[in-house]
Amino acid sequence: TAGGKNPPAEPAESDAKSGWNASAHMVTNGTIEPDALVYFTLPPSEIRLNAHMTQTKSSSVLAYEAEATFNASEDGRYLFVIETEGRAHNVGCRGGLSFGAQQIIAIGKPTSPAFASDGLTLTGSAELKAGPHDIRFTALCQKANRSGYSRPIPTDASWRDTGFRIFVRGPNERELRPLTDKELFHYEKPSQ
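This is the structure we're talking about:
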C-alpha cells in the first residue's frame with residue numbers, strides 16, 4: 051500500500067571465508083580516513099599492499115586494515131612472526147598485529163617508521179584459550195626520509211611493493227608455519 055513499510059528482513063546468515071576481511075583507506079594529511087575506499091579478501095599468511103589494485107587504480111597512499119578470527123586449537127602461548135619485504139628502500143611502515151585491544155607486534159613507532167625493505171623479522175606472543183579470537187592487522191606504508199641511505203632505489207618502486215608474511219607457532223609446536231585456512235577466517239554475509 052502507498053506509504054506502507056516493508057517488514058524487516060530476516061537476518062542473513064554469515065558464511066565463513068578463508069583469510070582476512072581487508073579494507074584500503076585513503077590517507078589525507080597523515081590521517082587515515084575512517085570509511086574504506088574498497089573491501090577485499092587477503093590470504094591468511096601473506097598481505098601484499100597491492101591487493102586493492104584489482105578494484106581501484108588509485109595511486110594515492112592507502113592504509114590497510116585487515117580483520118579476521120583466529121581459531122586457537124588449544125590453550126597456551128602462541129608466537130606470531132611478521133616478516134617484511136619490499137623494493138623501495140625509502141618506504142617506511144607503521145601498524146601491527148593485535149588481539150582485541152592488545153597489540154602484540156608493532157611495525158614501526160609513531161615517531162619513526164620501520165623500513166620494510168630491510169627484511170625485518172618482528173615477533174610477539176599472546177596467551178590464548180582454545181577457541182576463536184578477534185585478530186587485526188594494520189599497515190600504513192609511505193615514502194619516508196632516510197638519511198645516509200645510499201642504495202639505488204628502483205624508479206618504479208612504491209609503497210605498493212611492500213609485503214608482509216605472517217607465521218605462527220602454537221603451544222606444542224616446534225616450527226614456525228604459515229597460518230592455515232582453518233585457523234584464520236572471517237565472516238561475510240552472502241550476496242542477495
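First residue of the sequence shown? That's 51 in the working numbering, and the numbers climb one at a time after it. Note that the Cβ used here is the ideal one computed from N, Cα and C, for glycine as well. Here the structure is a predicted model, which is why all the values come from computation and not from measurement.
Query: Buried versus exposed, by CB contacts within 10 Å (16 or more), Asp-85; Result: exposed
Query: Alpha carbon of Gln-192 to alpha carbon of Leu-226, nearest angstrom; Result: 29 Å
Query: Cβ neighbours of Asn-222 in the same chain (closer than 8 Å, five flanking residues each side left out); Result: Glu-124 and Gly-126
Query: Local Cβ density within 10 Å of Ala-164, reported as buried at 16 or more and exposed below that; Result: buried
Query: Proximity below 8 Å, CB of Gly-136 to CB of Thr-188; Result: no
Query: For Ala-122 and Lys-179, the rounded distance between their alpha carbons; Result: 7 Å
Query: Range of the contiguous beta strand (DSSP E) that encloses Pro-182; Result: 181 to 193
Query: 8 Å CB neighbourhood of Leu-112 in its chain, flanking five on each side removed; Result: Ala-74, His-75, Met-76, Val-77, Leu-87, Leu-99 and His-102
Query: Contacts around Arg-186, its chain only, beta-carbon distance under 6 Å, and the 5 residues preceding and following it disregarded; Result: Glu-117 and Ser-148
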